[in-house]
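In the working numbering, the protein residues as written are 959 to 1068.
Idealized CB from N, CA, C, for every residue including glycine.
Computed from a predicted structure; not experimentally measured.
To start, the structure under review is shown below, and the notes come after it.
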Amino acid sequence: MSTEATPRINAPYLDQFQHRTVRILGKVRQLRGESATIDASGDIQVHLTRDSHLQLNHAVEIIGKVQADLSVRVMASTDFGPEGGIDFASVDAVVDATHRYHEIFYEKEQ
């Protein structure tokens, strides 16, 4: 069983997590075949799997690997229903706390 940390991030943190596995909670803004755009304090391009069943204007949690171009290759996704049911200001506060107190949640790469 893998014990790899999957820190919560949003768009402003993408460049700090290239080639790492992360968690992102965002709003589905666009679907285009095998890719999508989610809004997580900024737009993020995601590459979907066959098991990804996203819906427009729904909240979704993505677990995926950040690519060199700052897109995210989805490993797993969870639909949380219509985006109105999520307090995204609280989500951003959790992301902020995750990085402010990173030693609790993940190890920074040197």
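Local conformation of S1048 per DSSP, three classes: Reduced to three states, the DSSP call for S1048 is helix.
Status (buried if at least 16 other CB within 10 Å, exposed otherwise) for P924: Since the first and last residues shown for the chain are 959 and 1068, residue 924 lies out of range.
Span separating the alpha-carbon of V980 from that of A969: V980 and A969: Cα-Cα distance of roughly 11 Å.
8 Å Cβ shell around Q976 - same chain, five flanking residues per side excluded: Hits under 8 Å: V1024, Q1025, A1026 and L1028.
Among H1016, V1049 and V1053, the one whose alpha carbon lies nearest that of N1041: It should be noted that the sequence gives Glu, not Asn, for residue 1041. Answer by Cα proximity: H1016.
Cβ pair E992, H1005 closer than 8 Å: In contact: E992 and H1005 (Cβ atoms closer than 8 Å).
Beta-bridge partners of I996, as assigned by DSSP: In the DSSP assignment, I996 forms a beta bridge with V986 and I1002.
Assigned secondary structure, G991 (DSSP; H/G/I helix, E/B strand, else coil): Collapsing the DSSP output to three states places G991 in coil.
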